[in-house]
Amino acid sequence: MEAQLIEADMGVAPARQVVGNLRSYITRTGVTSAVTLHAQLAAELRSLLADPPPFALEGDPTVVLLVGVNGAGKTTTAAKLAQLARTRFGARPLLAACDTFRAAAVEQLQTWGARLDLPVVSGAAGADPGAVLFDAVASARARGSNLVLADTAGRLHSKFNLMEELKKVARVAGKASAGAPQHVLLVLDAVSGQNALAQAAAFQAAVGVTAVVITKLDSSARGGIVFAVQQALNLPVQFVGSGERLEDLETFNPGDYVAQLLAAESQR
């Protein structure tokens, strides 16, 4: 069992803690029923996971930075989060195309904006991403939008200059709107495994990540990285993505997640 949990990218320490607690439970109670032990395992796993923090709309406007490495799914997550925030939280979103290095990223966000009938603020190719965000905040105020979702350029967490640029974007957000960014969401690909820990630590140090979005849980049986991120870095998981549809981004539910993880492991 310990090996299976580690292989699912849960991390060595959390896996050993869960298995150790389960052994103690068996010794203490003498229970051998598979059904009871399965329920106890689920309870042990659930105890390691924090509930997601409230997604509060408390800024003028609220600014959300979506950060992460290339290919994690930030642009698609921005669109999905806009839809979720509008339908679930009553937000009036605006999308900010702050990935000015890739023309395809701007075009992709504009396509999503047209599909969702949402405004998109962008700049010229190679424009200062901080300036784009500053303009987006001003545009949001003018339009009556109360939520700015900023899609930033993917960057390797080990590249100093790129991380410094991201710090600048965060500082510009604060100048554009007091208290911004209210949310800094690190988008992690579930398939990235334990490398996600290094990513998370670097982005947390640079821009003060407030929570994590895990994408592509549907394409990986290695979603145990949720435990590793929470245990090693004390970062809550706010949202999870499990498909390509707009509706496939949900607020993280620890109980449902544990049930799905155990179901996936039982089929391996």
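Those letters in the sequence shown? Residues 1486 to 1753, by my numbering. In this text, a Cβ means the ideal position worked out from N, Cα and C, and glycines have one as well. For clarity, every value in this text was computed on a predicted model and none was experimentally measured.
Comparing C-alpha distances from Gln1723 to each of Gln1745, Val1697, Ala1744, Leu1702 shows the shortest one belongs to Val1697. For Gly1726, the beta-bridge partners assigned by DSSP are Leu1734. Restricting attention to Gly1664, Glu1729, Gly1678, Arg1600, the CA atom closest to the CA of Val1622 is found in Gly1664. Annotated three-state conformation of Pro1578 is strand, per DSSP. Buried is the label assigned to Asn1631, since at least 16 other Cβ atoms lie within 10 Å of its Cβ. Out of Ala1541, Thr1514, Gly1515, Val1503, the CA that lies nearest to the CA of Leu1526 is found in Val1503.
Separation of Gln1667 and Met1495 (C-alpha to C-alpha, rounded to the nearest whole angstrom) is 29 Å. Taking the Cα of Thr1585 as reference, the smallest distance to any Cα among Gly1615, Phe1574, Leu1731 is reached at Gly1615. Put simply, the region 1571-1587 does not touch the region 1680-1695. Fewer than three CB pairs are less than 8 Å apart. Taking the Cβ atoms as the reference, Ala1564 lies roughly 4 Å from Trp1597, within the contact range of under 8 Å. Of Lys1644, Ala1661, Arg1640, the smallest CA-CA separation from Gly1556 is found for Arg1640. In summary, Gly1515 is exposed, with fewer than 16 beta-carbon neighbours lying within 10 Å of its beta-carbon over all protein chains present. For Phe1540 and Pro1721, the gap between their C-alpha atoms comes out near 12 Å.
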